[in-house]
Structure formats: C-alpha cells, structure tokens
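Student: Below you will find the structure I want to go over with you.
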Amino acid sequence: MSDALLMGVDVGTTGAKAAIFDQRGRLLGLGRSEYGVRRVRPGWAEQDPENWWRAVCASVREALAAVPEGPARVGGVAVSSQAPTMLPLDGGGRPVRPALIWMDRRADGEASLLADALGWSEVERITGNRPDPFYVAPKLLWFRTHEPREFANTATFVQANGYVNWRLTGVHSMDEVHASLLQLRDRRTGEWSSELCEACGVTPEAFPPVRPCHEALGEVTVEAAEATGLRRGTPVMVGTVDGAAAAMEAGAVEPGVAAEMTGTSTVLLIPNRDRIVEPALIAMPHAVPGVDLLLGATAASGANLVWFRDQFGAVELEAAQKLGLDVFDLLTLEASDVPPGSGGVVFLPYMAGERAPIWHTNARGAFFGLSLGTSRGALIRAILEGTAFALRHNVEVAESAGVKVREVRSVGGGTRSALWNQIKADVLGVPVLLPEASVGAPFGDAVLAGMGLGLYPDPEETLRDLVCLRARYEPNLDHRALYDGLYSVFRNVYEHVREDFDVLARVEASNREEGAT
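Below, the structure written as structure tokens:
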C-alpha cells in the first residue's frame, strides 16, 4: 500500500466528480459528468438515481484515463454526496421512485405535523435540529401519506452515496454524518428515536446499519468494475456528506477555522468540539472523529448565477468562446467593472426558498434599489454580494451561539472568481483563504479512503500536513464600512417582505389549482 493511489467520488446536486490523488494529496486525475434536477412543481426537486450512477461511471473512467495503469494503482475509494436525500429501494435494490433531494420543499406541511405531534422543542432536543422539510423525516411522512403503494413496496432507504455504494459493492450503507441528517436519531445517544420513527411510520430496520465514514464497506464487484473501469476487488469505504468531505479539503478541523463550499448552493462549515447546537443552523458530526460541525446552508448561490446566465446571458456565449473564457468568468468580469455596493442595488438570494438561518420555504429572490441607470454588471455584482450577505448572516448566528470564526477557507467552483472571493472577505470582515487542492469533496473522500486503508492513523495531523493554502484575500476596511450599511438594508428588506412572500405563495397555489380545474 506504500504507493497506492486514492480515489474520491462526489455525487453533487448537478453532477458527479471523481478525482485520484497520491498519498501526499497531489491531484493526478479528474473526471466530471453532469445531470439535471427535475422540478415537477415549484419547491419540488427530484433526481433519477440512474443518472447518478451513469455520471459516476463516466467521471471515474475519465479520472482513471488520466493516470497510467490507474485501475491497478487505485488502492481505495470513498464516495460522498449531496445531503440529505430520501431514496426508497425495493428488495432488489431498485429505486421505488425518483429521489427527493435536499432542496425539495414539498414536505413543509409534514414538518409542521411532526412538530405538532412531538413538540417543536422536543424535535430539536432529540436531533439537535429544527423540524424542516430539508431533513428526511418530513419527506418520509409525505411519502407515506401521498404514495402509500410505493411506500409499502420499500425495503430500505438510502442516501445518494449509499445508492452509489450499493452499485459499487452490492452492500447497503449509511454513514454517521448522513444518519444525523435523517432527523430520526437521538443526537446524544446515537440511537434511533422511537418517537420520530413511529411518527414517520418507519422502523430502524428500514435503514442500513450506521457505520463510521472511513470504515471499509466492501469491494468493487465484477459488474461495477466493468461499468466504472475500477479494478475488481478495490476496497470501498462507507463515505460521507459532501460538506464534511469539503471541510477536510479545507483543513477545517480546528475551532475558528471555517470552511465555505460554494457551488449550486453555499454551505458554511464551522468546527467545534463542544457539541454546540443552534436551531437556526444545522448540526452534524464531522467526518473526522471527535469533531462536530455547525452548518449555515443556503439554498442558492451559484444557482443564482446559473439562472442569470440562462435568462440573460445567452448572447455572451459566443463572446466568451472568442475570449477563451467560461460564461461565468465573463459575467463576473462584467461585474468587476462595477464599484462595491452595486450602485445601491441589494439582492435577496432566496431564489429556491431558503434554509439557514431563516428557514423560509416561500422566500424568493428580489432585486431592491433598481433604477433606470442600473446596469447588467450591477445586477451581477448584486448577486455576488447578496450571497455574501447570506453567508454573513449565518456567521453571525453561529457566533451568537458561541462558535467563533477567525478565518474562512473557500472550496468549490465559486473560488474561481477572485472578485467573489474578495467580496466575501470584505463582507465577512475576516480573511478568505483558498486551499491548493480545489476540487471540493473528492479530496476529503480520498483522505477517508486512506484512513480506511490504515494509511492515515491520525486524520487531523494528516490534514495539517496535506492541506496547503495558495491564496489569501484580506478584508478591505474601506469596503467593509459600505457593506455594513448594505447588510443592514439586506436584513431589513427581508423582514419587511417576509409575510408578503407567504401571501404570494398562497396566491400562486390558488392560481395553480384553478388552472388545474
């Protein structure tokens, strides 16, 4: 095993990514493959698990092709994924229905039913988290109520990485981090909550045994080897949530050093060793044993730029190609010509509702302060600043709970924009640092694979050794004063229109029902 390579695979919201590293954390091969989200109705979000598997196979093959004798040299694999997900499988391991992913908000009413049945504070006491359709428990209740036949045909429920693990090894899996996001387990004891399970109509036997993230799960089967190009018998570890794996890439283990992962959404991950919970945030274990995380998870950040590109950026595609730039790079270049503050335009980034810290399904995006002089660049910059304001809101809530942030390490696709990195530093008032390896969760997955193989007996020491920082963005104090004022406007605008978002949702629902008849 002295020269074994390590593979990390991540099943994200919009695509899969596979990466191969040596034991010093150096990236040797990378593969990517995209898929979409099926939005059946506003607030609903589903995915076909077969698309996950196809994308994993394609990305793994691409990564292996970049490494001479790759299949023979990969010593272990770990898979992370978006979370949490409700995916029911029948007795043969086939999906009973498409997966309800984390951004699916259809179970808002069921979350309220659970809170009413057990008591809001009791759900928080048991799980460390607030009742919300983000978690799996309300989705299970929705599934049982609205699709009873499919519910009755379900043999087990897995997470996205659990499905990929099943296809790789033929063994069902559930890691400790994903398990904490089911909202069915007692955070203090690590045991299943009989009250919550009963309320959702399930038993603990409906889920695979909960195991440590780095534990060996099984080996790549003959069928999986043919599909992925991996060597038959390659060890596969249990894996983890993408956020926990990304925190490992950032080396975010020590209190005060937070990780921020921006892709489709943004997740702020703040380590602590005191098992601190805050109902406005998400509490879950770290993939590194002995450490806990508080998460400030927003619903849309990069997705807001995708929306702008799709609706207003088509004309830029040809221009970007001529300049050898990605469309996103061209958009942020346009925003860089606009001074801080976006000409007085403030953007609410709640285009997909919002998770932490406001937890408002009906919240929506809004540009505030538009004038006839507002430019396209100002709108783009306002999107970048608005997502940074949402990040600051989560930092403030975490610090009020006793978890301090002295620096933020950013990973994920959002780090490609130097402008966005600087905006985050200015808005937060703390340095933003970029790790050398910037492929996201697969780096942490590879470390888990190494842990499972016995190569990294002390994961914290390993991360201190492997994680190198390549860039540092210091806050601009002149910009900070401006952003303090705009942040106050950002918070106030939402508070002023919060109830109007709910009225708007009722009007839209009524209009949809009338249209259906």
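Under my numbering, the residues of the sequence shown are numbered 72 to 588, in order.
Idealized CB from N, CA, C, for every residue including glycine.
(1) What first and last residue would you give for the alpha helix (DSSP H) that runs through residue 546?
(2) With a cut-off of 8 Å, do at least 3 Cβ pairs link the stretch 131-139 to the stretch 287-297?
(3) Assuming the contact rule is C-beta atoms closer than 8 Å, residue 80 and residue 516 should be a hit. Round their C-beta distance to whole Å, please.
(4) Between the stretch 456-468 and the stretch 414-430, do three or more beta carbon pairs fall short of 8 Å?
(5) So, at 6 Å on beta carbons, what are the nonlocal neighbours of residue 244 in its own chain, with the 5 sequence-adjacent residues on each side left out?
(6) Would you mind sorting residue 324 into buried or exposed? The rule is 16 or more other CB atoms within 10 Å of its CB.
(7) Nearest to residue 165 by CA position, among 227, 467, 313, 501, is which residue?
(8) Just checking my contact of residue 408 with residue 448 at CB under 8 Å: how many whole Å lie between their CB atoms?
(9) Grab the span of the beta strand (DSSP E) containing residue 88 for me, first residue to last.
(10) Can you name, in chain order, every residue of its own chain whose Cβ lies under 6 Å from the Cβ of residue 541, other than the five neighbours on each side?
(11) Across the stretch 466-486 and the stretch 315-332, are there enough close Cβ pairs to call them in contact, namely three or more that are closer than 8 Å?
(12) By how many angstroms is the C-alpha of residue 229 removed from the C-alpha of residue 171?
(13) Measure the C-alpha to C-alpha separation of residue 338 and residue 364 and round it to an integer number of angstroms.
(14) Output needed for residue 502: all residues of its chain with C-beta closer than 8 Å, excluding positions within five of it in sequence on either side, in chain order.
(15) Any idea what DSSP makes of residue 363, helix, strand or coil?
(16) I need the straight-line Cα distance from residue 145 to residue 486, nearest angstrom please.
(17) DSSP beta-bridge partners for residue 118?
(18) Taking only the alpha-carbon atoms, compute the straight-line gap between residue 380 and residue 108 and give it to the nearest angstrom.
(19) What are the partner residues of residue 481, as DSSP defines its beta bridges?
(20) By the DSSP assignment, the alpha helix (DSSP H) with residue 522 in it spans what residues?
(21) Could you check which residue in 303, 272, 307, 273 has the C-alpha nearest to that of residue 286?
(22) For residue 350, which residues of its own chain have a beta-carbon under 8 Å away from its beta-carbon, when the five flanking residues on both sides are left out?
(23) With 16 as the cutoff for other CB atoms within 10 Å, does residue 180 come out buried or exposed?
(24) Out of 86, 85, 84, 97, which has the shortest C-alpha to C-alpha gap to residue 78?
(25) If contacts are defined as beta-carbon pairs under 8 Å, then residue 208 and residue 254 qualify, I think. What distance do you get, rounded to the angstrom?
(26) Quick one: grab the DSSP three-state call for residue 339.
(27) How many angstroms separate the CA atom of residue 552 from the CA atom of residue 491?
(28) In terms of alpha-carbon separation, which member of 353, 313, 354, 75 lies closest to residue 334?
(29) For residue 115, which residues from the same chain have a beta carbon less than 6 Å from its beta carbon, with the 5 sequence-adjacent residues on both sides left out?
(30) Please identify the residue among 239, 341, 317 whose C-alpha is closest to the C-alpha of residue 294.
(31) Give the range of the beta strand (DSSP E) segment to which residue 308 is assigned.
(32) Per DSSP, residue 227 forms a beta bridge with which residues?
(33) Can you name, in chain order, every residue of its own chain whose Cβ lies under 6 Å from the Cβ of residue 493, other than the five neighbours on each side?
Tutor: Short version:
(1) Segment: none, residue 546 is in no alpha helix (DSSP H) and carries neither H nor E.
(2) no
(3) 6 Å
(4) yes
(5) 233, 236, 279, 288, 309
(6) buried
(7) 227
(8) 5 Å
(9) 86-92
(10) 505, 507
(11) yes
(12) 11 Å
(13) 11 Å
(14) 478, 479, 496, 543, 544, 545, 546
(15) strand
(16) 28 Å
(17) 170
(18) 17 Å
(19) 331
(20) 512-523
(21) 307
(22) 195, 200, 201
(23) exposed
(24) 97
(25) 4 Å
(26) strand
(27) 18 Å
(28) 313
(29) 175, 177
(30) 239
(31) 306-308
(32) 160
(33) 544
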